[in-house]
Every structure is written in C-alpha cells, then in structure tokens.
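So the sequences go chain by chain: A, B and C. Quick note on this note's numbering: the first sequence kicks off at 11 and runs consecutively. Quick note on this note's numbering: the second sequence kicks off at 1447 and runs consecutively. Quick note on this note's numbering: the third sequence kicks off at 728 and runs consecutively. These notes concern the structure reproduced below.
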Amino acid sequence: MRRRLIALVAVALLAAACTAGGGDTSGPAATIDPNANHEPMTLTVWSNFSARELKVTTGVLESIKQKYPWMTVKHVGGKDDAAIQRSINGGTPPDMAISFTPSFAARYCQTGAFQDLNKYLQADKIDKASVWPAGMFTYTQHNNVQCALPMLTDAYGLYYNVDLLGKKGFSQPPKTLSELADMAKKLTEYNADGSIKVAGFMPILGFYSGNTVNTYGHAYGAQWYDNAGKPSLSTDPNWAKMLQWQKSLVDAIGYDKLQKFAAKMGGGDSEWSASHGFETGKIAMMLDGEWRTAFIAADKSKVNYATAFPPTADDHTDLYGSGQVGGTILGIPKGAKHPAESWLLLKYMATDVGALTTLARGLRNVPSTNETLEKTDLAADPKFKTFIDLVKNPKSSYKPLVPIGDVDEQMFGTLGQKWQAGQVPDLQAALRQLDSQIAKQLQLG
Amino acid sequence: MATVAERPGAVPEQVRLAERRRRRRRSALRRQGIALLFMSPWIIGFSAFYVYPMAASLYFSFTRYDILSDPVWVGLSNYQFMFTGDGLFWQSVRNTLWIIAFLVPLQVAFGIGSAIVLTRVKRGLSLYRTIFFLPTMVPLVAAALGWLFLLNPAGPINRFLHLFHLPEPLWFYDPHWTKPGLLLLGLWMVGQTMILFLAALLDVPSHLYEAAEIEGAGPWQRFRHVTLPMISPVIFFSVVIGVINGFKYFTEAFVISQSGDQTGLDNPIGYPQDSLRFFTSHLYQQGFEAFHMGYAAALSWILFVVIMACTLVLIRGSRRWVHYQGGFR
Amino acid sequence: MTRRRPVPPAIRRRRLLLSVANHSVAIALSIAFLVPFVFILATSLMTNEQALSQSLWPHPFRWSNFHDVFTAFPFLRYTLNSFTYAVLATVGVVLSGVPVAYALSRMRWRGRQAAFVLVLSTLMLPPQVTIVPLYVIFVRLHWIGTLKPLIIPLFFGDAFTIFLLRQFFMTIPQELSDAARVDGASELQILLRVIVPLAKPAIAAVALFQFLYSWNDFFNPLLYAGNNPDSWTLAVALTQLTTLSRGVLWNLQMAGALLFTLPVIILFFFAQKVFVQGVTLTGVKG
C-alpha cells in the first residue's frame, strides 16, 4: 500500500510539473473584415460603472450596432479591477474590459492579462502618436506593450460650495494648502453635542476617491519612485511634509469626530449616491474628478458650487494649474473568445469621434483623442473648463505605473490611515519600512 | 462458501484441498475487486482532489505563478518573502492570534456559563436550550451581516449605549473595535460549544457533588474541584478545535470588510486598516485577487503545518483523556 | 426526582428563591440571544429612510421588502443556485459515500485499514491547503464561474460523510449480512436491501449536514463562482448587495438575510431528532 502511495505521489508531482503551464495564444492579429457578411454575435463588456453612468456607457456601446449590425453588446457594470483580474485568471474573461484604475495597466501589460494591441493598431495602420496626446501612453503601455487604450480622461480639481464660503466671508477658493487648512477650520460647523455639522474639508484618507495619498501628494510634487526605480517614500521629504500637513488638519478638527461624521453620512459609499457630502452641503470643499459635475446635475443637488485648480503646497506654487490626471482604459482580456470582434468594438470606443463625444458629454469626462479634445463643446462650461485645462497642463501626472498594480498605493494608503489615527509614532521609520516592503513586493512580482 | 454441496471422498484429498484453496483465492480476489469497485469514487476523488493538489501545491510554493504563464522556479524566495518581506503577513498572523487568544477562552467560558444556567433550570429547559442554540443555526454570512447592522455607528447597540451615556464606538469602522465586534458575534453563536458542555455537565455523576457537599465544599469549590476536572476533556477538545478554526477564520471578517468598506474602490480585504486581515483572508487575497499563486501555495503550506500540529496535539491529548475518563475512581 | 420525604418550609422557600434566580438569569440570556433577531426583523420591515434613522420599530410595516428583494436583485436566481448547490451536493455525498462506507466497514479486503486512515486524514486536512491547485484545475476545465467545482468533487466521496456512515454501518449486526449472503445475495444487493434501509437515520443525518453545509457555505462559492453573478449563491449575493445598490439598504439586506436563514431554521425545527442522532454519531457526545 505504502509503495503504491509513494508511486501515486510521484506521478502526481510529475503531472503537476507538466500540466501547470497555461496555453499561450500570442500570434499575429486575427483581424476580420468588418464589412463581410457576419453571423450575429454578442460581446460582453465589463466595467465598474453603475446607475446613470452605466446607462450612458451602455448606450454608446450599443451604438456599435449602427456600424456593425451583427454585433450586440452586453454591458455588465459593478466590475472592479479585482473582478476583472479574477475572471481573466479564472479563464472566463469578458470580451472587453473597461478599467478605471490605470495603476493596473503595467500589471495587465506585463502578465499578458490584457492583450497587446500593437498588432491590431499596425494591422489597421493607426498611427497612435498622432491620435492621442503623449500623456495618455504613460498609463496605457508598459515596456512597449500597448495593452490598453484610453477611453476618456479624468482630472482631480477643487470643488467648493460658494454659499458656504460666502457665509464665512470667502470669495476666492484656496490656492495653497495652508490657505485650504485655514479655511477648512473656519468653515467647519458643529452641532450642540460637539459633533460635526458641516466639514470645511474632509482630510480623512480613504474616505472619498479624492482623499488619497496620490491627490495630496501631487500638491507637493512628491515622487513615488526615484530614478533607479526604487520606492522613494522615505527619501523624498515631500511625502512626510504632506502627511504632516494632513495630520495637523485632522487633529485640528478631531479624528474621532471626522470618522463619526463620515460614518453617519453613510460612509464612503455615499460618494456615488445622492447623499454625497458635498452635494448635500455637508462638506464645503473637496478634491474630486470632473465627473462630479454630472453627478451634481443628475442628483438634482441644489449646491451652488464652482471649481478651481487644486491647491498646492506653499513651496510648490509652480505646480498650480496642474493636478492628478488619469483615465478610463480599455483592454481585450487574455482568453477572450472573439478577439478580432473585440478589437472592432475597442477601436470604436477609443477612437470614434461620435462615440467619444457622446460619452464625454454623458459622463462629463474629458475626451481623450486629439481630435475630440479640439472639438469638444464642454469647454464652454467654466466649471468643466478647469478640468480640461488640468488635463492639458504638462505638469499634470499620474503616479508611475508598476507591475504590482496598486499594491504600493494600498500599502501607503493603509499607513496613511494609521498615521491620521495617531498610531504611527515614528513617521520616518514607518516610511522607510514601507519603502522596503514595496521593494520586496516588486521582487515578488 | 459453496462447499456444502460437495460430495466427500469423490476426489483425492490433495486435489480437493488445492481446488478449495484456489477457489478461496479466487473469491478473495473477487471480493477485493468488488471492494475496490465500491471504493472507486473515493479513490478517484482522493487522488484528484487531495493527492495531486497537495503535491502540486508544494511544487507551486517554490515557484512564481499566476496561471496566465508557466510557473517559474524561485526556490525558497516565497517563504523568505513571507517571513522577512511581507508586513501584511505578520499583520494577518497578529490578527489571527488576537482572535484566537480572545475568542477561544471567551467562548469556552461563556459556553460553560450558559450550560450551567441550563443545568439549573428544571422547567422550560428545552425551550431555553433551543433559544440559546438558535443563533448557531443562522448561516454565518447572514449572522455577520446582521451584526454589521446591529453594530453600525447609528445602530441599535450604539443607541442602547447612548441611553446609558456610555461611549459609542464605531465598531466595524474603527480598526480598534473591529475585532471586539467580532467577539460579540462569536459569543452570540456559542451554541455549539454550549451544547457540548451541557452534555458533559449532565454526565457528571451526582454522587460526586453529594460527596463534596458532605465534605463541606461550597458552590465555588464544588465547581473548581468536581465540575472542572470532570469536564476538562471537553474544555480541551473545545480549545483545540477553537484554535484550529481560528486559523481558518475567514467568512465573518470577509463579509464585514466587504460590506463595511463602502468606497467600492479599494480592496476590501481586512478593511478597515487591515484590522480584519486574518491568515486565510491574506491567503485568499494573495492567491485569488493578486494571483500570486506560488506565494499563496506557500502560505497554505504554512497553514497546513500549523493546523496539523494542532490536530496532533488533539489526538495525543485525546488519548490521554479517553484513558482517564475510563478509569476514574 | 421522586423523593417522597416532606421538605421543610425553609428549604422550600430557599429552593423557590433559587429557582427564581436561575430563571431570571436564563431569561436574561434568552433575551440577549433573541434581541438581535428582533432588531433584524424590525429593520427588514422598515423603509430604508427609517432604517437609517433612529427609530426602533417599523412604521408603517413594509412587508413588501420581502418582495422587493426579489425585484431589486435577481434573488430568485440566487435562491435557485443555492438550492442547486445544496441539493446536488447532498445527492453527491450520499451516492458516493454509501458504497465507500460499506466497503470500509462491512467487507474484508486488503488495504482497508490503510484506506480508512487516509479517509480520516483528509477529514483533518484544512481545505485551504489544496485550493490553489484545485483552482488551477478548475480553470483548465473551464469550470470557474459555474457551480460545477462546488458539486462535482462531492460525487467522489466526502470524508466526513464516509466516516459518519462507516461508524453507523459498524453498529449493524454482521448476522444480517451473513444471512443475506447465504441466500445468495451479492454485496450490492446486501448494501441496498439490508444496510441502506437500516441506515436511513444515518443517511438522513449526513444528508442534512451536507445540505446545511452547502447552503451556508461562503468560501467555496465565493472562490469558484464569485466571478459570475449568474452563479452566485445566496451567501455570496448577500455580501454584494451593498456594492450592487451602491449604498447600504439595511432594510433589504436584512430581509434578504432573513430569507436566507429561514430554510435553515425550518429544517432545524423539523429535523431536530435527525440532528441529535448525527451529532451522537460523530463520536462527540452531545
């Protein structure tokens, strides 16, 4: 019995070594003639859109039917990058994926989770350098693998409630972080029991999507990685300065009070509902993306607001006018069943002027191709123009892409949350430890 | 078996014996065949779902692997990263040890306590027992969601605390209070442990109590010197099972993090601030969200070793307590 | 219990007081165990605005929440998936477990003892150890995103079921099988005509355990079917309601949780006896 068992184990080990490999399917682009007669077929598209945005995007995706009557699109919302990644590794990917998190692009390109689109671009003779502004390639390719293309771009700017500011005698938005902190304290109103009624500015990291080390760090020009590609969170003093600024604002109002205020508002999820703190007048100033203009309109919020460039650190005023930019990216997952058809859809969503214009208008996002950027009528709205200017500003940037996806942001975010709660006695030591941990993560791959 | 029908003396003795031996061998072989046929589902299942995966998992633990491309041999570096590079691993170990250190003793104490209450009521015992046991029947996911609601910052429990002007923690939003929140959930679901103790308590022969009472032992002394020694095997069993389950702790934490983290943007494992990142959560996240399959396999082997050690303790210990239960004076 | 001696009044009074004290503790504990149910039920009958407010009692009672769960989310689909998983898994463990347990308990063959030890060892194996390679296997089979990885392996023997059935089969007198053998019955016939009818309570117990286990199971459906909303079981779907609705809907979430719990509670009340039998069988007294 025992000998047989050993033999069984040995066979199993052998089998493990032999069968573990994945079938690699990289070859020349299998393009199809879109005008040829085609059987009706359905493509599944995943995105993390919900509610109104989901409808807008679905509408544009379905408009592919006008171009290719045989193509039907099934759009599934609520799929974040984790879900997309899981489906690809699980062998059940959608035909096209829309991701909000450019951080993952390097990972998608490096692991081959998203297919290299260069072969399709070449087959269709598309000169990508002339179609998109150069900045777009910083978050859609990695080591010359163009595994994604931009759909629309985003920028984070400052939103402020004109009425709340006016009530306290402010007519101008803050331009520096010390002005911001100053105004935030004056704008914060309290209830009788000491709890917060109106927050001037919510400094809590990890609250809404604008409350990240990324958005705050940009105001200091803080660098994630040094020239050698090593994490520089402890060596670039700007990070520590940023965290000190953030903590001093949190402490001035009170960490517990801010947390309770956030929790009672319905937590971070209120960001995507009509109970959003800014839309309901409970937050006077915030950093958020250009899409918020559409949410405010759609939620029928009565907030009287304006937008401005994000404030910068006092010693980095040269950065004023720039901000954190990013975008929505499109990719064809590995293992997609109809890659040639997926490419037709992707090309349509990434380059078709009509589709992009409708999307940009519907979602209130900044269009991505040179052509649509020129033509857009969204610039007529001063609230929106802020964001178009931010995207055009050469100092605007996204954090450098690394093959570990957003693991570095996650880890830094967690440190930030501990820090603001007062659980980090030695910040410099903690940042050093974080650097070494990120470096080790990069090794693990 | 069919030898009854044979006529004696018709064939020479030797031939008959050889014939019988052959037949017996054939029937044994036949029986072996039938038995293996009956065993076949398990044999297939055992090789496909245990032997092969165990071996493969060991192999993967020495590789870098993400399913999309072939595994790459990296030697011990996954294990090295685990112990020296992965801060979140240690965070998950700390959280796991925390929940074991608090939940297991509390469950045992509360289980004994409520079982004692049950032994002392005569009328309505079965009703009380059903009520005490009922929460255990609630599916874990439903129970976790229920407590997420009960402990939400504006929820019923905080309103109750407010009535008495007690501090109102943010529970599952505040990293300091998440694990205590889980303790409440764990104590609510103490039924299984309680039923075990109830049976053990009812098994204690009443003459022992009577003897102790005659010797002048008070209630505490009776508990300390009669009850505790008598139920100690069950305590031991509960503790070890509790420790093993502690290492597998996952569902409650995952559900609460998932539904508690409402930004819907970041990874909810361990939310808030990794305070609910347990060993198995970390394994899940590394393996099936980050797709570090090699590293996850290494984590699973560490888990295997730890749990096997606990199981050995259980088996060793059980030998001892089975023995002295049989031979008590 | 039936002592006839008259009890002196002082002792009787003390006993009464003690009994009152005992019952008060028991009642207090009962309330602690039951109150969560009350709050959850109350919330499931509120409007969402009310659920988020400070009120404790629903006004008006919104029974339609239990209906809305089905219209706001594909709850019927999830319920069906949960039932599919639980029922087929139950069928699987019984069909595969009975013959294996029979071979392990009532047939003599070489390697039986070793096989039993291996069954026991898989019983103690933490399932997390094998998930990485199993996941890879299921990816290769294109089973991820379906219920197949949850169900099909159970048709190949489940250690707990086998162990439990074996323990029960051991208690059936050997003479019964021998008598059937003399009548010329084959092993299969003995199993089906003698053992299975006698082992009905044990089979019912393992079936019940497996049904509950699969119904409550979260980890496996999350891991293997979590990708595909069409394959979500109730356990997985309930954790996604917040994400799906982009905001907490306590009332619907609690209504969903109650609907999810209901079959289990019903089973518990109807099958308490089966349950107790099963627990005794595992060797753990209870």
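Note that the Cβ used here is the ideal one computed from N, Cα and C, for glycine as well.
If we call anything under 7 Å between Cβ atoms a contact, is residue i one with residue j?
| i | j | result |
| --- | --- | --- |
| V866 (chain C) | G341 (chain A) | no |
| V1001 (chain C) | A932 (chain C) | yes |
| D885 (chain C) | V827 (chain C) | no |
| P1613 (chain B) | W1623 (chain B) | no |
| Y235 (chain A) | K251 (chain A) | no |
| T121 (chain A) | K84 (chain A) | no |
| R893 (chain C) | L831 (chain C) | yes |
| T849 (chain C) | Y1496 (chain B) | yes |
| G124 (chain A) | Y118 (chain A) | Sequence inspection shows Phe at residue 124 (chain A); the Gly mentioned does not correspond to that position. For F124 (chain A) and Y118 (chain A), yes; Cβs fall inside 7 Å. |
| L961 (chain C) | S809 (chain C) | yes |
| T394 (chain A) | T303 (chain A) | Here residue 394 (chain A) is Phe; the residue named in the question, Thr, does not match the sequence. Cβ atoms of F394 (chain A) and T303 (chain A): closer than 7 Å. |
| M834 (chain C) | A1481 (chain B) | yes |
Does any C-beta atom of chain A lie closer than 7 Å to the C-beta of residue i?
| i | result |
| --- | --- |
| G872 (chain C) | yes |
| N954 (chain C) | yes |
| I1761 (chain B) | no |
| H750 (chain C) | no |
| Y1496 (chain B) | no |
| V827 (chain C) | no |
| R1775 (chain B) | Bear in mind that a pLDDT of 29 at R1775 (chain B), under 50, signals an unreliable position, so the number given afterwards is only what the model happens to contain. No, because no Cβ of chain A sits closer than 7 Å to the Cβ of R1775 (chain B). |
| V866 (chain C) | yes |
What's the C-alpha gap between residue i and residue j?
| i | j | result |
| --- | --- | --- |
| Y1717 (chain B) | S1703 (chain B) | 5 Å |
| D34 (chain A) | A346 (chain A) | Legend: pLDDT at D34 (chain A) = 40, less than 50; position of this residue unreliable, value from coordinates given subsequently. Cα to Cα, D34 (chain A) sits roughly 13 Å from A346 (chain A). |
| A1588 (chain B) | W959 (chain C) | 15 Å |
| N201 (chain A) | L268 (chain A) | 13 Å |
| F110 (chain A) | T367 (chain A) | 18 Å |
| E419 (chain A) | G299 (chain A) | 18 Å |
| I837 (chain C) | F843 (chain C) | Position check: residue 837 (chain C) holds Arg in this sequence, whereas Ile was assumed. Looking at the two C-alpha atoms, the distance is approximately 12 Å. |
| A1590 (chain B) | T969 (chain C) | 14 Å |
| S1572 (chain B) | L768 (chain C) | 24 Å |
| L1711 (chain B) | S219 (chain A) | Bear in mind that a pLDDT of 47 at L1711 (chain B), under 50, signals an unreliable position, so the number given afterwards is only what the model happens to contain. The alpha-carbon atoms of L1711 (chain B) and S219 (chain A) are separated by roughly 7 Å. |
| D1407 (chain B) | Q1719 (chain B) | What the structure shows of chain B is the stretch from 1447 to 1775, and residue 1407 (chain B) is not part of that stretch, so it cannot be assessed. |
| I108 (chain A) | M81 (chain A) | 18 Å |
| P1675 (chain B) | E1656 (chain B) | 16 Å |
| L756 (chain C) | R804 (chain C) | 38 Å |
| I1513 (chain B) | L411 (chain A) | 22 Å |
So with Cβ pairs under 7 Å, would you call residue i a contact of chain C?
| i | result |
| --- | --- |
| T102 (chain A) | yes |
| L1711 (chain B) | Since pLDDT at L1711 (chain B) reaches only 47, below the 50 mark, its modelled position is unreliable, and the value read off the structure follows with that caveat. With 7 Å as the cut-off, L1711 (chain B) does not count as an interface residue toward chain C. |
| V1587 (chain B) | yes |
| R96 (chain A) | yes |
| Y1574 (chain B) | yes |
| I1753 (chain B) | yes |
| W1583 (chain B) | What sits at residue 1583 (chain B) in the sequence shown is Met, not Trp. Yes, M1583 (chain B) lies at the interface with chain C (some Cβ there is under 7 Å from its Cβ). |
| Q1478 (chain B) | yes |
Who are the neighbours of residue i on chain E, taking C-beta pairs under 9 Å?
| i | result |
| --- | --- |
| F1696 (chain B) | The question asks about chain E, but that chain is absent: this structure's protein chains are A, B and C. |
With 7 Å as the threshold, decide whether the Cβ of residue i is near any Cβ in chain B.
| i | result |
| --- | --- |
| T121 (chain A) | yes |
| A273 (chain A) | yes |
| A92 (chain A) | yes |
| G31 (chain A) | Low confidence applies to G31 (chain A): its pLDDT is 41, below 50, so where it sits in the model is not reliable, and the reading given next is rough at best. With 7 Å as the cut-off, G31 (chain A) counts as an interface residue toward chain B. |
| N99 (chain A) | yes |
Just checking my contact of residue i with residue j at CB under 8 Å: how many whole Å lie between their CB atoms?
| i | j | result |
| --- | --- | --- |
| L877 (chain C) | P801 (chain C) | Wrong, their Cβ atoms sit about 19 Å apart, outside the cutoff. |
| P321 (chain A) | K185 (chain A) | 6 Å |
| L1628 (chain B) | E1735 (chain B) | Contact doesn't hold; Cβ gap of about 21 Å is too wide. |
Inset, instruction - For the region 1638-1649 of chain B and the region 1563-1583 of chain B, state whether three or more C-beta atom pairs, one from each stretch, are separated by less than 8 Å. - result: Below 8 Å, enough C-beta pairs join the region 1638-1649 of chain B and the region 1563-1583 of chain B to call them touching: three or more.
Inset, instruction - Could you tell me whether the region 1490-1503 of chain B touches the region 383-390 of chain A, using the rule of 3 or more Cβ pairs below 8 Å? - result: With a cut-off of 8 Å, the region 383-390 of chain A and the region 1490-1503 of chain B do not count as touching, because too few Cβ pairs lie within range.
Inset, instruction - Please determine if the region 244-261 of chain A and the region 347-360 of chain A are in contact, where contact requires at least 3 C-beta pairs separated by less than 8 Å. - result: By the criterion of at least three beta-carbon pairs nearer than 8 Å, the region 244-261 of chain A is not in contact with the region 347-360 of chain A.
Legend entry - Three CB pairs or more closer than 8 Å across the region 976-989 of chain C and the region 1602-1609 of chain B: Flag = no, the region 976-989 of chain C and the region 1602-1609 of chain B do not touch.
Legend entry - Validate contact between the region 154-174 of chain A and the region 136-146 of chain A using beta carbons, cut 8 Å, 3 pairs: Judged by Cβ distances under 8 Å, the region 154-174 of chain A makes contact with the region 136-146 of chain A, as three or more pairs qualify.
Inset, instruction - Determine, using beta-carbon pairs with one atom in the region 179-195 of chain A and one in the region 316-335 of chain A, whether at least three such pairs fall under 8 Å. - result: Contact holds: three or more Cβ-Cβ distances are below 8 Å.
Inset, instruction - Could you say if the region 1744-1764 of chain B and the region 1524-1534 of chain B meet the contact criterion of at least three C-beta pairs nearer than 8 Å? - result: Yes, they touch.
Inset, instruction - Count the C-beta pairs between the region 1464-1478 of chain B and the region 849-859 of chain C that are closer than 8 Å, then say yes if the count reaches three, no if not. - result: Between the region 1464-1478 of chain B and the region 849-859 of chain C, the count of C-beta pairs closer than 8 Å stays below three; the two stretches do not touch.
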